[in-house]
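Encoded as structure tokens, the structure appears first; notes follow it.
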Amino acid sequence: MNMESFNDGVFWAAAIILIVQLVGVLIGYIIVRAIGSKIIHRAFNRMEKQRNMHPGRVKTLSRLAISIFTYILLFIVITITLGLFDLDIAPLIASAGIVGLAIGFGAQGLVSDVVTGFFILLEKQIDVEDYIAIAGIDGIVEEVGLRTTQVRSFDGTLHFVPNREISVVSNYSRGNMQAIVDIGIAYEENVDKAIAVIQGACNRVAEEQGAFKEGPDVVGVNALGSSEVTIRIIAKTENMMQWAMQRELLKACKEELDAHNIEIPYPHQVNVSKEA
Amino acid sequence: MNMESFNDGVFWAAAIILIVQLVGVLIGYIIVRAIGSKIIHRAFNRMEKQRNMHPGRVKTLSRLAISIFTYILLFIVITITLGLFDLDIAPLIASAGIVGLAIGFGAQGLVSDVVTGFFILLEKQIDVEDYIAIAGIDGIVEEVGLRTTQVRSFDGTLHFVPNREISVVSNYSRGNMQAIVDIGIAYEENVDKAIAVIQGACNRVAEEQGAFKEGPDVVGVNALGSSEVTIRIIAKTENMMQWAMQRELLKACKEELDAHNIEIPYPHQVNVSKEA
Amino acid sequence: MNMESFNDGVFWAAAIILIVQLVGVLIGYIIVRAIGSKIIHRAFNRMEKQRNMHPGRVKTLSRLAISIFTYILLFIVITITLGLFDLDIAPLIASAGIVGLAIGFGAQGLVSDVVTGFFILLEKQIDVEDYIAIAGIDGIVEEVGLRTTQVRSFDGTLHFVPNREISVVSNYSRGNMQAIVDIGIAYEENVDKAIAVIQGACNRVAEEQGAFKEGPDVVGVNALGSSEVTIRIIAKTENMMQWAMQRELLKACKEELDAHNIEIPYPHQVNVSKEA
Amino acid sequence: MNMESFNDGVFWAAAIILIVQLVGVLIGYIIVRAIGSKIIHRAFNRMEKQRNMHPGRVKTLSRLAISIFTYILLFIVITITLGLFDLDIAPLIASAGIVGLAIGFGAQGLVSDVVTGFFILLEKQIDVEDYIAIAGIDGIVEEVGLRTTQVRSFDGTLHFVPNREISVVSNYSRGNMQAIVDIGIAYEENVDKAIAVIQGACNRVAEEQGAFKEGPDVVGVNALGSSEVTIRIIAKTENMMQWAMQRELLKACKEELDAHNIEIPYPHQVNVSKEA
Amino acid sequence: MNMESFNDGVFWAAAIILIVQLVGVLIGYIIVRAIGSKIIHRAFNRMEKQRNMHPGRVKTLSRLAISIFTYILLFIVITITLGLFDLDIAPLIASAGIVGLAIGFGAQGLVSDVVTGFFILLEKQIDVEDYIAIAGIDGIVEEVGLRTTQVRSFDGTLHFVPNREISVVSNYSRGNMQAIVDIGIAYEENVDKAIAVIQGACNRVAEEQGAFKEGPDVVGVNALGSSEVTIRIIAKTENMMQWAMQRELLKACKEELDAHNIEIPYPHQVNVSKEA
Amino acid sequence: MNMESFNDGVFWAAAIILIVQLVGVLIGYIIVRAIGSKIIHRAFNRMEKQRNMHPGRVKTLSRLAISIFTYILLFIVITITLGLFDLDIAPLIASAGIVGLAIGFGAQGLVSDVVTGFFILLEKQIDVEDYIAIAGIDGIVEEVGLRTTQVRSFDGTLHFVPNREISVVSNYSRGNMQAIVDIGIAYEENVDKAIAVIQGACNRVAEEQGAFKEGPDVVGVNALGSSEVTIRIIAKTENMMQWAMQRELLKACKEELDAHNIEIPYPHQVNVSKEA
Amino acid sequence: MNMESFNDGVFWAAAIILIVQLVGVLIGYIIVRAIGSKIIHRAFNRMEKQRNMHPGRVKTLSRLAISIFTYILLFIVITITLGLFDLDIAPLIASAGIVGLAIGFGAQGLVSDVVTGFFILLEKQIDVEDYIAIAGIDGIVEEVGLRTTQVRSFDGTLHFVPNREISVVSNYSRGNMQAIVDIGIAYEENVDKAIAVIQGACNRVAEEQGAFKEGPDVVGVNALGSSEVTIRIIAKTENMMQWAMQRELLKACKEELDAHNIEIPYPHQVNVSKEA
């Protein structure tokens, strides 16, 4: 408010303008507060019905939300009003900035959740019922939300995973799966004969089971272990059938090798005797 | 304050306005300080009664809170006053900003706690009495607060977990649980017979115990181990009954295998003797 | 708005200008909002067709996008309008800054994704069909995008890797690969003879298989192990043929050493007997 | 300072105001400095007496504190003074901001300490004499401060833990504790008989010792180990008595099993002999 | 725009100035946009030729670059224009700041790459063809760029390492290398005699091979192991010859010790027999 | 500088003021630079004498310090001067801010050092000669400074630990220490007799050695191991005597158990023979 | 530029001032650019000679440096110029701020390097030729710079360690070193006699070797191991002689124990035979 305003009764004009401004601010406050409270109330009521929450908990949460809203609104109104009286509100803003800084940093995790959730939905990385591994947890997806993804692991546990914790999504439900079986045979056995017998077992399982897409095939000698020669079988199966097929292959190989007297060896050790 | 104000005795008008402003600031300070102190006092008194805290500790904490409040208030009043005298308060604000920055960052953990706590409550991730695993700790939930969650682990320890430490919530109390038992039998045994015997033991346990929801069922040969063929049993049980059922299954399988003379083998080693 | 404006009916001129400004702001708001909504709608519709997404999910996402857009626009319009009435909008901006800060930090991961993706494409670090290892995952690349890279690992799992998670790219499809095989022979055997036999096996494999680019060659005694002398073979093969060639080399060496009666030893132990 | 001030000798008025402002700043500086130094001195003197510190160390620390205080004050005074002469002090502020930034970040750990300490006290997470585990350290609490918590571990070491390092507080002194004992018996033994004998030992200990709150009870077969069948005992004991009770149970079970000739087995191995 | 401008038709002068400013901004926009687009186009065309990239990929990338450039330019032009009409553009700037913040943080990795790359080149830490270890990867350097370093590891994999991931550079190609060989002899052997024999083997290798710079020398008994006395040999060899020389030393020591009947022992164990 | 100044020769007054300001800035620069350089010189000279540093190194460091000081000063003077000519120095400040940001973040570690060091001194966490463990290092403290703590570990290495790396301080020199000794006896031995014998050995050591404060006492059976029953002894000793006392207890227990023919068992294994 | 300037031809004065300002800015730009380019050129030329760098690499780096310098200068000149025409340059500054933010964060590592390097030099933590361990690397220091420290490890590798990676400096070259040797003897041996024999071997080595400062002394029974009683020897040696002395002690103890027929035992195991 400049001093020139004292010339020619301009003062009174300025005063009138000030009062108009004050009233405007007050009316604005009342309207915004009423609308805001109503919106918050409705949001929580809807949530109460949808999620079947306990009324006490909802009341606690909505009261918290309205308090925060009112405090912020009051702060804005007070600073605007002080500004009208030409008081320097910089220190007030600075004080608020400290609180704001803490809140901004504290709440950034929430934004991370929503941004990550948005892209998981948009890029169809996860569908409900998929078998996935995220954030060190694997299981069946029960729900994909903007903030949280719910995964039920094989042992029955329900995991709530905040989306920000999800970096790499490993989805086991997007195509055929590989079944890999390693069979160890004794060093004394003929490798070619063993491979033929194992391939025979594989063919038998492939005929009996309909879940194979490719193979199973013996790919050869995978390692010369400390006590056994390792033969590897690879097969492609229908999704989620890989474990059952691995079990079938293991059983068939064991039976077939037994039938042909090919030894699956125990750990070996050469003992050299020496007198003390 | 512009120099034009010296024209026409405007100076006196300005001085009067200044004094009015100063008095207003002073009154504002006194009112805000009184109200603030009272609110803090009441909050701590209520806490003292609710939590049954030691009066000495409450006094220490409330005195700390009032001091911090008064320092902040004084700082704001001083900067506003200096601003009225046309002194540049930017350096003051900057100095305060340094302190504020440190406080903002230091306190951001607190906001993180509340934001996370809010969503844990809202999304019903945890209920009191649930058996959960959070932040590397597992146990029964004793209390879920906006800042801290209390978990009592199986050995009796009470853990106070700040909510910001909670990322993935693994809740073991949301549905039936899986019981998994692996039984190793000797390579010499007939696999089909062993499976039949183990399934028999499972059926017996299922009849005796009412806690099974599905199975227990033998799913097949899970691995060809170094000394034993591993047979896997899977069952679905009532919540929290999985460990008891696993114990029952282990005992029944041991007894049934013994009764049918099927060997549960010790570790095997083939010794090849060689003279030194 | 200065007080001098009251001199000479300037007030009315100022009022007219204000009204013109307000109308301009309003028109600007309407135009920008319409254009923005249309652009968002079109973008999601195109996406729906291209990615074959569920209409419900697209609707959810586009509604979210339009809400956010409208809220931001409204905020800008309100602050500009208040500014026209000479109200101090600093507190409003500060409040918005808190939200903005959280959003900025939360969204920075998204920018990281795009920047990293841009350079992966620009520097041709990854091509579709390459066999690579990134972020602890290895497999065949299915898609390289600006935000996400899709990798299918050997067991059939599809991994969605946000580009920001990619630091070092290890590309296995850029040139010939090394096959390394270590063969352990007994301490009693003559090392020179063993090397000759193994080299013979290598030469036989090299003749039979066309995938070798260099070698395979025996480079010498690699270690004196606890029970065996380790001989190392190194070869260069065509890309992706290294594992098959390793398997061939293992089989050939086993057969050749058996044929020459050179022992591949089991673990040894010297037993010193002592009476209790 | 506008140029209009040259009209009508306004210049002198401005000069007088300037001088008044300068003198005011100077007086303010002298007063604030005197008060600040006195407060710092007193604080350190009180500390010296309370903590029984070496006068030399106190002198070093208080001198450091006063220097820092004076530098900050001088900086503020200089910038205010320059501002009075209409010199742009933005670069000065910017330079100070750099230092301030470093200080703010460097000191944020301190604030973290106090905020965490405040809530540890407020929520009564730790009391002196409690047996707790924090920050990878466990022991008896000797002192809980706003900045540091002192814990004496079992071997006599005194740990100073800055409160910011405390995330999860595991308090072992809040209720009865669980004692868990696993006893391995030979596969040849009858499981039911062994359970009965072990339960007998438990009952005997329970009679002799008064520290049990529940049990001890045998819960069943916990595992089929490689060489032994594991039987688990669970008991609830008075706080801090769990280890003594575990020792009593171990001793009683050993004696009782010996008395009934039930074998606690050594590791087993099946040796299959083969000629080289 | 002050109200005084209405005095004396100054209004028209102001209007003319405004129009001139607007035209200037428009012309500036057109020029900058044209030049910018051309520069981006040329840069990508040159890259296309140099790196032999697919035209489709180049088109995608250059279109992305031009879009981003145009959006930024438009934003600047709009805010400058609004500023000319006295509209407060602070909210616009604030909105842009949010985006900018995210971009700034997201892009900081890029700057880190270039800064690190600059100093790696300046300090000659890495040359093409050097054998180095960086960021957990070791291999031969194929290319050192400002953003990425390409390393081909021994097995043929090509690694793209963003320079920011490079902290410690371990360069194996800057001088002679040490070859270290540990030989275990039986406890029964005479240590002095064994050292003499091993030194003899070392001397023989040193004569046959020209790659030694110093030694190889036996430095003495390095450890009394559980089954053997370990003798250490140290030698300095030409760069990259250390592994070949280690292999030669191992072979020579084995042969020489065999020739002198000094035992390289298998793991020992004393067996104490006890009846069950 | 407003245009009104052209009215009435005010221009010349303004020009004079400007010149006075320029001269003032120049004089200020010369004085500050001279004083600053002198202070830096003196500080380094004093350091040179106190720490007995090489003059060359001191010269390098002081030259670096003076250059940095001069550059900062020049930057401030230039911006103030430009400000006097009404040139907008915001871009200059912004450029400086970039450098400042980097410096502020880079130097924050230094502040962390000093803040942590201050509290380590204030709270007497560490004294010279204490035996402590900090930052994964343990040893005797040689010096505690505001920036660095020097610790000499048991093997003679001198560690320089920046104070910021110190979080938990584990001080082994604040009170009596616990000595814990676990003795394994054979399963065949009578536990009560063994405890009596071991307690006898403890009593003998306690008589011979004066360093015990409490005990040593046998607390009972600590574990039923795979081959032995573990008996635990606990004692409280004078500070730093715990290791010597543990050695004495070990020797005495071994001798006493030998004298009473109580077996300290080797690892046991039950061998079950099976024909291949 | 206010409108009052149109009064009384003041316009022309303003125009002249504007032109003078523009010319000044232009001249400033030309001078600063010329000087800056020259300084950069000279710096790189000097570096080329000192470090014997390849001219091509120097040219690349200096061209990069000059480009960056020119872009920054141009940006500053453009914003200053726009400011002279009363155009709002805030958006320009904001855009620059984004780039600056990224640069500031990216370059902070560089400042960290220099700050850490400064204190390493100032506190004489490292001297060239010292044997140290930093950042997980140990070796002989070849060069200590403000940005990088070069360490050559024992195997000949040269490590470039950016100073920021250096936290704790472990310096092995600051005083005498401890040599620690643990000797295991059989449980059947008399401990007192074994200690006497080992002390005899120590005395013999101490006489033969001049590098001992204290000891070597037997401190007693350090552990009752699973198969042996461990006796510990401690000695203080000249710097860098600790490993040689440890080797001498090991050899002497082995020989002395052999001479006195005291057994250094192999691992023991008690075998309990059981029929299947």
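Residue numbers (full-length UniProt numbering), protein chains in the order written: chain A, 1 to 276; chain B, 1 to 276; chain C, 1 to 276; chain D, 1 to 276; chain E, 1 to 276; chain F, 1 to 276; chain G, 1 to 276.
C-beta atoms are modelled at their ideal positions from N, C-alpha and C, and glycine is treated no differently.
Practice problem: Could you say which of F:F69, F:V161, F:V25, F:K124 lies nearest to H41 (chain F) if we only look at CA atoms? | Solution: Taking the first residue of the sixth sequence as position 1, residue 41 (chain F) is located at position 41. The residue with the shortest Cα to Cα distance from H41 (chain F) is F:F69.
Quiz item: Around the Cβ of M240 (chain A), are there at least 16 other Cβ atoms within 10 angstroms (buried) or fewer (exposed)?
Solution: Numbered from 1 along the first sequence, position 240 holds the residue referred to as residue 240 (chain A). Exposed: under 16 other Cβ atoms inside 10 Å.
Exercise. Please classify F160 (chain G): is it buried, with 16 or more other beta-carbons within 10 angstroms of its beta-carbon, or exposed?
Key: Along the seventh sequence, read from residue 1 onward, the residue named residue 160 (chain G) stands at position 160. Buried: at least 16 other Cβ atoms inside 10 Å.
Quiz item: Q50 (chain F): buried (16+ other C-beta within 10 angstroms of its C-beta) or exposed?
Solution: Translated into the one-based positions of the sixth sequence, residue 50 (chain F) becomes position 50. Q50 (chain F) comes out exposed.
Quiz item: Going along the stretch 203–217 of chain D in order, which residues come within less than 8 Å of chain B, judged by CB to CB distance?
Solution: none
Quiz item: Cα separation between I17 (chain F) and T116 (chain C)?
Solution: For the purposes of this step, residue 17 (chain F) is taken as residue 17 along the sixth sequence, with counting starting at 1. For the purposes of this step, residue 116 (chain C) is taken as residue 116 along the third sequence, with counting starting at 1. About 56 Å.
Quiz item: Where in the UniProt domain "Mechanosensitive ion channel MscS" (110–174) of chain D do unbroken runs of the beta strand (DSSP E), each at least 3 residues long, occur, reported from the N-terminal end onward?
Solution: Correct list: 131–134, 137–144, 148–152, 158–162, 169–171.
Exercise. For S226 (chain B), return the contacting residues in chain A, with the cut-off set at a CB-CB distance below 8 Å.
Key: For the purposes of this step, residue 226 (chain B) is identified with residue 226 of the second sequence, where counting begins at 1. Residues of chain A passing the Cβ test: Y266, P267.
Exercise. Tell me whether the beta-carbon of K251 (chain G) lies closer than 9 Å to the beta-carbon of M177 (chain G).
Key: For the purposes of this step, residue 251 (chain G) is taken as the residue at position 251 of the seventh sequence. For the purposes of this step, residue 177 (chain G) is taken as the residue at position 177 of the seventh sequence. In this structure, M177 (chain G) does not lie closer than 9 Å to K251 (chain G) by Cβ.
Practice problem: Give me the Cα-Cα distance between C202 (chain C) and L224 (chain A), rounded to the nearest whole angstrom. | Solution: By 1-based counting over the third sequence, the position of residue 202 (chain C) is 202. By 1-based counting over the first sequence, the position of residue 224 (chain A) is 224. Their backbone Cα atoms lie some 16 Å apart in a straight line.
Quiz item: So Y172 (chain E) packs on Y131 (chain E), CB below 8 Å; how close in whole Å?
Solution: For this step, residue 172 (chain E) is matched to residue 172 along the fifth sequence. For this step, residue 131 (chain E) is matched to residue 131 along the fifth sequence. Contact holds; Cβ gap of about 4 Å.
Quiz item: Looking at V169 (chain E) and I134 (chain E), is the spacing between their C-beta atoms short of 9 Å?
Solution: Residue 134 (chain E) sits at position 134 when you count from the first residue of the fifth sequence. Residue 169 (chain E) sits at position 169 when you count from the first residue of the fifth sequence. Their beta carbons are under 9 Å apart, which means I134 (chain E) touches V169 (chain E) by this criterion.
Quiz item: Which of the residues in the stretch 163–197 of chain F, read from start to end, lie with their CB under 8 Å from any CB of chain D?
Solution: S167, V168, V169, S170, N171, Y172, R174, G175, N176, M177, Q178, I180, Y187, V191
Exercise. Return the residue from the list B:D155, B:I76, B:L74, B:M47 that minimises the CA-CA distance to S62 (chain B).
Key: Here residue 62 (chain B) refers to the residue found at position 62 of the second sequence. Checked all of B:D155, B:I76, B:L74, B:M47; the closest Cα to S62 (chain B) is B:M47.
Quiz item: I103 (chain B) versus chain D: which residues are under 7 Å apart at the beta carbon?
Solution: As a position in the second sequence, residue 103 (chain B) is number 103, starting the count at 1. Correct list: V111.
Practice problem: Might you give, ordered along the chain, the residues of its own chain that have their beta carbon closer than 7 Å to the beta carbon of I80 (chain B), omitting 5 neighbours on each side? | Solution: Taking the second sequence and counting its residues from 1, the one referred to as residue 80 (chain B) is at position 80. V25, listed in sequence order.
Exercise. Mind checking the stretch 115–141 of chain F against chain G and listing, in chain order, the residues whose C-beta falls within less than 7 Å of any C-beta there?
Key: A135, I137
Self-check item: Given 8 Å, three or more beta-carbon pairs between the stretch 204–212 of chain D and the stretch 265–272 of chain D
Solution: no
Practice problem: Verify the CB distance criterion: does G220 (chain D) have a CB-CB separation below 9 Å to chain B? | Solution: Within the fourth sequence, residue 220 (chain D) is the residue found at index 220, counting from 1. By this cut-off, G220 (chain D) is an interface position.
Self-check item: CB of V218 (chain F) within 9 Å of CB of Q199 (chain F), strictly
Solution: The residue you call residue 218 (chain F) lines up with position 218 of the sixth sequence. The residue you call residue 199 (chain F) lines up with position 199 of the sixth sequence. A Cβ-Cβ contact shorter than 9 Å links V218 (chain F) with Q199 (chain F).
Exercise. Leaving aside the five residues before and after V58 (chain D) along the sequence, list all residues of the same chain whose C-beta is less than 8 Å from its C-beta, in chain order.
Key: By one-based count along the fourth sequence, residue 58 (chain D) stands at place 58. The answer, listed in chain order, is F44, N45, M47, E48.
Quiz prompt | For T230 (chain C), the residue or residues it bridges with in DSSP | solution = Counted from its first residue, the third sequence places residue 230 (chain C) at position 230. Answer is C:G184, C:A223.
Quiz item: Taking the alpha carbon of I262 (chain E) as the point to measure from, which residue in E:I195, E:M245, E:S273 has its own alpha carbon closest?
Solution: As a first step, residue 262 (chain E) must be located in the fifth sequence, where it is residue number 262. It is E:I195.
Practice problem: Report the neighbours of K274 (chain B) on chain A: residues whose CB is nearer than 9 Å to its CB, in chain order. | Solution: Counting from one through the second sequence, the residue named residue 274 (chain B) turns up at place 274. Those are V270, N271, V272, S273, listed as they occur along chain A.
Exercise. Using the Cα positions of R164 (chain A) and I72 (chain D), report the straight-line distance between them to the nearest angstrom.
Key: For the purposes of this step, residue 164 (chain A) is identified with residue 164 of the first sequence, where counting begins at 1. For the purposes of this step, residue 72 (chain D) is identified with residue 72 of the fourth sequence, where counting begins at 1. Answer to the nearest angstrom: the Cα atoms are 42 Å apart.
Practice problem: Please name the residue in D:I264, D:G139, D:I166, D:K124 whose C-alpha comes closest to that of E189 (chain D). | Solution: Here the question's residue 189 (chain D) lines up with position 189 in the fourth sequence. Checking every option, the nearest Cα to that of E189 (chain D) belongs to D:I264.
Quiz prompt | Contacts around I36 (chain G), its chain only, beta-carbon distance under 6 Å, and the 5 residues preceding and following it disregarded | solution = Counting from 1 along the seventh sequence, the entry for residue 36 (chain G) is found at position 36. Here the sequence assigns Gly to residue 36 (chain G), which means Ile is not the residue at that position. The answer, listed in chain order, is F69.
Quiz item: With a Cβ-Cβ cutoff of 9 Å, do L121 (chain F) and L146 (chain F) count as a contact?
Solution: Against the sixth sequence, residue 121 (chain F) aligns to sequence position 121. Against the sixth sequence, residue 146 (chain F) aligns to sequence position 146. In contact: L121 (chain F) and L146 (chain F) (Cβ atoms closer than 9 Å).
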